[in-house]
Each structure stands twice: as C-alpha cells, then as structure tokens.
Amino acid sequence: MNMFIYIILLSVFSTPLFSAELMNAEEIARHINSRDEGIAVSRFLTMELTDKRGKQRIRKTHAFRKYYDDEKRTAIFYLEPKSIKDTAFLTYDYQAANKDDDQWLYLPALRKVRRISASDRGDYFLGTDFTYEDIKLETRVSIEDYNRQTIGEDEIDGFHCLLIESIPVTDEIAAELGYSRVQQCVDDQIWMVRQSKMWDLNGNPLKTIHSSDIRQVQGIWTQHILDVVNHKTGHQTKFMFSDVQYDKEINDNLFTKNTLKRGL
Amino acid sequence: MNKKLFCALVLFYLITNVCLAIELEHSTKVKAQWGINTRDGSSQSLNLILQPELVFNFDNGIRLTSIARAHSDLISNIAPGSLNRQAYNPVNKPLLASHELELELREFYLEAEWKQTYFTLGKQQTVWGKADGLKVLDVVNPQTFREFILADFDDSRIPQWTLKLEHTIGPVDLEFIWLPDQTYHALPEQDSTYGFTSLRLVPSQPPAGVNLDLRKLERPNRFIQDSDVGLRLTSFWEGWDLTLNYLYQYDNLPVLFQQFAQTVNGPTVTVTPQYKRTHVFGTTFSNAFDDWVIRGEIAWFSNRHFLTRSPLINNGVIASPELFYVIGLDWSAPYDIVVSTQLFQSWIIKPSNNLTRDKHDTTLSMMLGRQFLNDTLEIQLLVLGNVNDGDGMIRPKINYQLNDDVKVWLGADLFYGDSNGLFGQFNHNDRVLVGTEWIF
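In order, the protein sequences belong to chains A and B.
Everything in the first sequence is counted per my numbering, starting at 425 for the first residue and increasing by one.
Everything in the second sequence is counted per my numbering, starting at -10 for the first residue and increasing by one.
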C-alpha cells in the first residue's frame, strides 16, 4: 500500500501540472525594469562597426543618463573620429505611453540642433546595428509595446537564464520597431538580459545582441560589452563601456540643446 | 585681413596656448571638388580647401578654438579673386595671396563660463533658424555668394567678430550677440561664373547711349554705432522648441540706389550701393508628431529694399517692410526614406506695382534622402523651385564614406527657368561634381 501511494504521488508530482512553474514573463519584465540602474551614470562608450568584408569603423563617445522622476534623459557626445566629432544626441524619454519622446541631434556640419521624430525608433542609430529604441531602452524592456510569455530556460556564458518571447502588440508597433518577434534570455539572478534575438517583419532572423563582461560597479550590475550581429547584412556592432560612474555628479545642463551644440 | 593684425593674433594665441594649455585637440580638413560644366565639358571649378583646426582646453575651463583656411580654385572665373571684397571689414578680410588663393583666419574664439553665463568671444559663426536650402532668420552672419548658394553653409557663411553671452533664467535661455564687425555679403564680380544678372538682384543694363557710373560701395565703418546687436530667447514648452529672435542689423545686401542725370558725358545712370539698417523680429518653432516633424521660421524685416523696373522710379528702389516665413514638414517615410518639404513665402508689405519681383513670392523645396550600408552610403535629391518665376534648381548627390576619415561624392547642380529668375540666371551653369573630403 505504501508503495502504491508512493508511486501515485511520484507520478502526480512529476507531471507538468505540479512542476516548478517558470516565472510569468510580465513579472520577469517588471524585475528587469526595477533593477537598480542608479539615478545617473557617466561612461565612455567605444563603438566598433564592422561590415561583412571586415572593414571597421570606430567611434568614441561620452554618454550620460539621468532619471528625473518619470522621465529619463540621455545625452551622447561623439569624441572620435574627427569626421563626426561633436555630433551629439539628446533624448527625453517619458514613462507615459501616450506621450512621444523628444529627441534632438546636433550635426556639426550644419551647426544646428535638429528635432528628430520619435517614431523613428526602429531606425538604426548613427550607422550601428542598434535602433534608436534599443539605445533608449539600454538594459530595460518596453512593457507596453509587447505581449510576452516565458517559453523556457537556457544557459548563456554559463549563467542560467529564463527565455521570454515578446510579440509586438500591434502590426503598427511591429513596423515602428522593425521587429516581429524578440526572444530574450534573462539572467534570473541579476535580472539582466544576457542575449536577445530579433526577427524582422517577415519572420526572418534579423539580429542577435549578446551582453558580456557584466559586473558590479558601485553596487550596480553593469554590462560592459554588447555585441550585435545583423544576420541580414552581415554587419556587426560592438559597444564597449568604460569608466562607468554612477556616483559622479552630473549637471542638469548636460541634457540641454545648448550643451549639445557647445559640446563637452 | 590686415597682415600685422593677422600675425599678432597668431602670435598671441601661440604664446597663450603654449603657456597655459593643458589639452590640445587638432584636426585638419582637406576638401577637393571638381565641377564640370555639362554644356561644353569645360571645368567650372577646381577647388581645394585646407582647413586646420586647433582647440585648446585650459585647466580653468576656458576653451580657445582656432580655425584657419587656405582656399584655392584654379579656374579663374570662380577663384577667390573673382569675388568683390569691398564688403569685408578690413580686420575680417581674407588675405588674397593670388587670384587663385586666399588665406583666412576663419574662426578664432574663446569660450568661458562665469557665474552661469556662457561667454563666446571672437571670430565665430552665429547660426539661427531651422530652414534648409534658403535662409530666413539665419541672417546674422553674411555669406559669400562666390558659388551662389551651392556651397555648404558652413563653408559659405562668413564668421564675424562677435561677443555672445548666453544665460539661462528658469525655462528660458537667453542669447545676446553684439557684432562690431561690419562685414556684409561677399558678392561675385558680374563677369564671374556666378555673377548676379537677375533683375531681382541687380538693375538692368542702361540702354545704348546711356552711361553707367557704378560708385564704390559705401560700407558702414563706425565701431559702435554701426555694430549689429541681437537677442534670442529659447524655450521648450509642451514638446515645442520655440525661439523669439530680434536683430538690429545692416541688411547684408547693399541697396542699389540709381540716379539718372544728364552729365557732360551724356545721359548717365549712377548706381550708389549703400547698406541700410533694419530691425528683424522673428520666431522659430519645431515639434515632432509620430512620423512627422514640423518646423518653421517667421521673420519681419522692418526696412528692406526692392528694385524697381526703372531708375526713374523712386531712385530705382522701393523701401518696405517684408514678412518672410518658411514652414517645413519632415516625414520619415517607409523604407527609411526621409522626405523634407518646405514652403517659403515673402510678402512685400508696401503696395507697389513697379518692382522687378512679385509682391508675394513663393519658393518650394523638397528633399528626398536615404542612407544605405549602415550610413556609409547616402543618396539625396534636393529640388528648389520658385513658383512666381517658374525657375529652380535640382541637386542630386551620392555620398560615400570610404572609411572614418575619407568620403567621396558625385553630384550635379542643374538650373532651369528664365534668366531673370533667381535660379534661372545660372541656367548656363549646370554642372556635374566629383569631390572628396579627408579629415585627420
């Protein structure tokens, strides 16, 4: 009898119904977005752009980000190469879904700060394989743009991950973002996306983003290398962050069009 | 520019920089372009620009920027020597080493911040406005018309000695400018490639038997009384980038007063070019809505001058306020194509029926552009057309970024329309361009 009960219990608890359920994808997204990113950060960012023939272009920038209640401001100043030095990008990202972000680009050749349409978010950012939206989100995910579900588990660079799949809420949003599907591998110990795979609007593999050299800086988990491979064009982008500082005082004036124009 | 002053400035900055600078940034731009006239295959221009730039960052936060420029064109009719240089203030005038070569201290300015006021002092560019292709409020600095409006604004704008103060009060940025440098538009000589012939800009040639007496340009030269002054307020409100602008300046184009008289030499038309003061009140705005960016500029000039059909009418010139504005729409179209359209309209306020242009004048522009290969290849088409005269220009261009430092381009500047039109006057100047730029 005891043996019979044991077999029954074993068979019941081994069914999927009672297995340890994977965390709901929305909850994972909330964990990702509530991870401490610091109020502000200053860092140098080197961009390595490599085309399919191996020809390389390198950009060096100084980037700043600061939160203001429900608003995030980001400024990126180009330092090298000399041909695009002083180009600068500024964005005010609002939490409210019904409010468009405000974005500006300073082009030194024109000596003018130009307003950029926020719905260009699916466009590629200044020749990289990241879109404006990728740049804006940094390590976060967009809650309102996608329906998502947890589809399994995986391992990236030896770290356990939860796999979530995100589908844009509408075709219109998919067209804006340039993605029909996104699959992300989320480290459930530090709630950071270690790998993202994107598919284009026709369902073909578009690109893969891989985060590495993730370590704590002043107590905040920080990715230091981002590799993107565009499967359609063969183009690759590598972002390398250095001198990351969360405790540096960042003047509010940095996030103004005047500073964009004057440079650092 | 006066040679002694030029040397003194170079010496000054070398001494100060060697002594105090803690960080030096330097770059050099080399730009070469060959223009071929499509009518006869002759070379229209063959120019070379060498532009070294030094930026010294001092340990006290002060920054000194110095940009020099050597500019040569081997084709005589478009070379630096083909430009009328009377409009330059002597302290701003480039040094003409030969007909084909000019040397210039292009920009030379100090930037410093003191008690939350940002100072920029020296020879610099002041850029206002949001329009592309034509200028509405971007009239603070004059420009050279050696190649009409075909050169990049950054190259054709004439930097001026300026004091600029910027200060932020609450949500408003204030910019005050004072320009004691009396330099105005540098116009090409009439027989040069882009010399003006349109009746909108220059009086018609006197009939046979009537002499023309063109007097020397009367350029204002009093340091304080003849300086220009301006104020710009900038704010960001509910998603709108807004500015209010005011400028008290001498209009950068001379007024060509004409007088007909019987002289001992026979009937003569005397043309006296003079600069006239105007107040400029303006505003600019821009905002983004979904795929669209709307931008615009409105300018009110209190005192502008327009040519009449005859020197006998009001000395050949009518003075009137002018309302000039531009509305632009930029559309991020499907397939990453950018479509930018603009409507420019100029209204002469004072009634007159004897002008060489219409009272209401409309120009339309459209730019189509797309980037390829991760922004290394850019294809662009710009069309500018004047509705009243039915003339315009078409400018296709392909840019290719060979690597981080070098880009090459192939393009064309094609004019159409009547020879009396602003664009049509250069109908015989259609050209194909090849060029390269190297920045290191």
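All C-beta atoms, glycine included, are put in the ideal place defined by N, C-alpha and C.
Same chain, Cβ closer than 8 Å to R135 (chain B), neighbours up to 5 away in sequence not counted = Residue 135 (chain B) sits at position 146 when you count from the first residue of the second sequence. Same-chain partners within the cutoff: I67, P69, S71, L72, S145, A175, P177, S181 and Y183.
How big is the Cα-Cα spacing for G118 (chain B) and E286 (chain B)?
-> By one-based count along the second sequence, residue 118 (chain B) stands at place 129. By one-based count along the second sequence, residue 286 (chain B) stands at place 297. If you take the alpha carbons of G118 (chain B) and E286 (chain B), they lie about 7 Å apart.
Could you check how far apart the C-beta atoms of V412 (chain A) and S620 (chain A) are, in whole angstroms? I think they sit under 8 Å.
-> The displayed coordinates of chain A run from 425 to 688. Any statement about residue 412 (chain A) would go beyond what the structure contains.
Of all Cβ atoms in chain B, is any one closer than 8 Å to the Cβ of Y548 (chain A)?
-> Counting from one through the first sequence, the residue named residue 548 (chain A) turns up at place 124. Yes, because at least one Cβ of chain B sits closer than 8 Å to the Cβ of Y548 (chain A).
Buried or exposed: which applies to G627 (chain A), given that a residue is buried once 16 or more other Cβ atoms fall within 10 Å of its Cβ?
-> Residue 627 (chain A) sits at position 203 when you count from the first residue of the first sequence. Exposed, by the Cβ-count rule.
Beta-carbon proximity list for A322 (chain B), same chain, < 6 Å, skipping 5 on both sides | By one-based count along the second sequence, residue 322 (chain B) stands at place 333. Answer for A322 (chain B): V328, listed in chain order.
Closer than 6 Å by C-beta to V260 (chain B): which residues in its own chain qualify, once you throw out the five before and the five after it? Chain order, please.
-> For the purposes of this step, residue 260 (chain B) is taken as residue 271 along the second sequence, with counting starting at 1. These residues qualify, in order along the chain: L203, L245 and Q247.
Would you identify the three-state DSSP class for K662 (chain A), choosing helix, strand or coil?
-> The residue you call residue 662 (chain A) lines up with position 238 of the first sequence. Of the three classes helix, strand and coil, the one that applies to K662 (chain A) here is strand, per DSSP.
Residues of the stretch 354 to 381 of chain B with a CB closer than 9 Å to any CB of chain A: list them in chain order, please.
-> Within the stretch 354 to 381 of chain B, the residues whose Cβ lies closer than 9 Å to some Cβ of chain A are Q360, L362, N363, D364 and T365, listed in chain order.
Per the contact definition of three or more C-beta pairs closer than 8 Å, is the stretch 501 to 517 of chain A in contact with the stretch 282 to 301 of chain B?
-> Three or more Cβ pairs closer than 8 Å define a contact, and the stretch 282 to 301 of chain B falls short of that threshold against the stretch 501 to 517 of chain A.
Determine the extent of the alpha helix (DSSP H) in which R454 (chain A) is found, giving its start and end residues.
-> By 1-based counting over the first sequence, the position of residue 454 (chain A) is 30. Per DSSP, R454 (chain A) belongs to the alpha helix (DSSP H) from A449 to S458.
Could you tell me the distance, in whole angstroms, from the CA atom of F165 (chain B) to the CA atom of L233 (chain B)?
-> The sequence position of residue 165 (chain B) within the second sequence is 176, counting from 1. The sequence position of residue 233 (chain B) within the second sequence is 244, counting from 1. Taking the straight line joining both Cα atoms gives about 12 Å.
Which residues, in order along the stretch 252 to 282 of chain B, keep a beta-carbon less than 9 Å from a beta-carbon of chain A?
-> S275, N276, A277, F278, D279, D280, W281 and V282
Any chain A beta carbon closer than 8 Å to R95 (chain B) | What you label residue 95 (chain B) is simply residue 106 of the second sequence in a count that begins at 1. Output row for R95 (chain B): interface = no.
Looking at the structure shown, is G184 (chain B) part of a helix, part of a strand, or coil, going by DSSP?
-> Residue 184 (chain B) sits at position 195 when you count from the first residue of the second sequence. Of the three classes helix, strand and coil, the one that applies to G184 (chain B) here is coil, per DSSP.
Look at the Cβ atom of G602 (chain A), then the Cβ atom of L587 (chain A), and state whether they are nearer than 8 Å.
-> Locating residue 602 (chain A) in the first sequence gives position 178, where the first residue counts as 1. Locating residue 587 (chain A) in the first sequence gives position 163, where the first residue counts as 1. Against a cut-off of 8 Å, the Cβ pair of L587 (chain A) and G602 (chain A) comes out as no contact.
Would you mind telling me which residues of chain A sit closer than 7 Å to S193 (chain B), beta carbon to beta carbon, in chain order?
-> For the purposes of this step, residue 193 (chain B) is taken as residue 204 along the second sequence, with counting starting at 1. Ordered by position in chain A, no residue passes the 7 Å Cβ test against S193 (chain B), which lies about 37 Å from the chain.
At least three beta-carbon pairs within less than 8 Å, the stretch 248 to 258 of chain B to the stretch 219 to 230 of chain B | no
Can you list, in chain order, the stretches of the beta strand (DSSP E) that have 3 or more residues and sit fully within the stretch 55 to 110 of chain B?
-> 84 to 87 and 90 to 103
List, in order along the chain, the chain A residues whose C-beta lies closer than 8 Å to that of N392 (chain B)?
-> To locate residue 392 (chain B), count along the second sequence from 1; it is residue 403. Per Cβ cutoff of 8 Å: K479 and R481.
Neighbour flag for H659 (chain A) against chain B, beta carbons, 8 Å | The residue given as residue 659 (chain A) occupies position 235 in the first sequence. Yes, its Cβ sits closer than 8 Å to a Cβ of chain B.
Going by CA-CA distance only, name the one from B:Q113, B:T106, B:F47 and B:N377 that's closest to A57 (chain B).
-> On the second sequence, position 68 is the one that residue 57 (chain B) refers to. Out of B:Q113, B:T106, B:F47 and B:N377, B:Q113 has the C-alpha closest to the C-alpha of A57 (chain B).
Would G400 (chain B) count as contacting chain A if we go by Cβ distances under 8 Å?
-> For the purposes of this step, residue 400 (chain B) is taken as residue 411 along the second sequence, with counting starting at 1. Cβ-Cβ to chain A under 8 Å: no for G400 (chain B).
With 16 other CB atoms within 10 Å as the buried threshold, where does P243 (chain B) fall?
-> What you label residue 243 (chain B) is simply residue 254 of the second sequence in a count that begins at 1. Flag for P243 (chain B) reads buried.
DSSP three-state call for Q214 (chain B): helix, strand or coil?
-> Reading the second sequence from its first residue, position 225 is the one you call residue 214 (chain B). Note: Q214 (chain B) maps to coil in three-state DSSP.
Can the beta-carbon of I535 (chain A) be found closer than 8 Å to that of E450 (chain A)?
-> Here residue 535 (chain A) refers to the residue found at position 111 of the first sequence. Here residue 450 (chain A) refers to the residue found at position 26 of the first sequence. In the sequence as displayed, the identity of residue 535 (chain A) is Arg instead of Ile. No, Cβ-Cβ distance for R535 (chain A) and E450 (chain A) is not below 8 Å.
Between I11 (chain B) and chain A, is there a C-beta pair that is closer than 8 Å?
-> One-based indexing of the second sequence puts residue 11 (chain B) at position 22. Output row for I11 (chain B): interface = no.
Can you check the stretch 259 to 347 of chain B for any beta strand (DSSP E) of at least 3 residues that lies completely inside it and give the ranges in chain order?
-> 266 to 278, 281 to 296, 306 to 322 and 326 to 337
Do you know how far the Cα of K496 (chain A) is from the Cα of N522 (chain A)?
-> Within the first sequence, numbered from 1, the residue matching residue 522 (chain A) stands at position 98. Within the first sequence, numbered from 1, the residue matching residue 496 (chain A) stands at position 72. Distance between the alpha carbons of N522 (chain A) and K496 (chain A): 16 Å.
If we ignore side chains and look at the alpha-carbon of each, how far apart do V421 (chain B) and N388 (chain B) end up?
-> Position 432 of the second sequence, counted from the first residue, corresponds to residue 421 (chain B). Position 399 of the second sequence, counted from the first residue, corresponds to residue 388 (chain B). If you take the alpha carbons of V421 (chain B) and N388 (chain B), they lie about 14 Å apart.
Can you name the residues that DSSP bridges to L123 (chain B)?
-> Residue numbering aside, residue 123 (chain B) sits at position 134 when the second sequence is read from its first letter. Beta-bridge pairing links L123 (chain B) to no other residue.
Could you tell me whether the stretch 13 to 21 of chain B touches the stretch 554 to 562 of chain A, where touching means 3 or more Cβ pairs closer than 8 Å?
-> no
Note down, in chain order, each residue of its chain lying with its Cβ closer than 8 Å to the Cβ of A599 (chain A), except the 5 sequence neighbours on either side.
-> As a first step, residue 599 (chain A) must be located in the first sequence, where it is residue number 175. Closer than 8 Å at Cβ, skipping near neighbours: G546 and L625.
At least 3 beta-carbon pairs within less than 8 Å: the stretch 408 to 421 of chain B vs the stretch 186 to 202 of chain B | yes
What is the DSSP secondary structure of N130 (chain B), reduced to helix, strand or coil?
-> Here residue 130 (chain B) corresponds to residue number 141 of the second sequence, with the count starting at 1. Reduced to three states, the DSSP call for N130 (chain B) is coil.
Which residues in the same chain have their Cβ closer than 7 Å to the Cβ of D460 (chain A), if we skip the five residues on either side of it in sequence?
-> Against the first sequence, residue 460 (chain A) aligns to sequence position 36. Excluding sequence neighbours, D460 (chain A) sits near I644.
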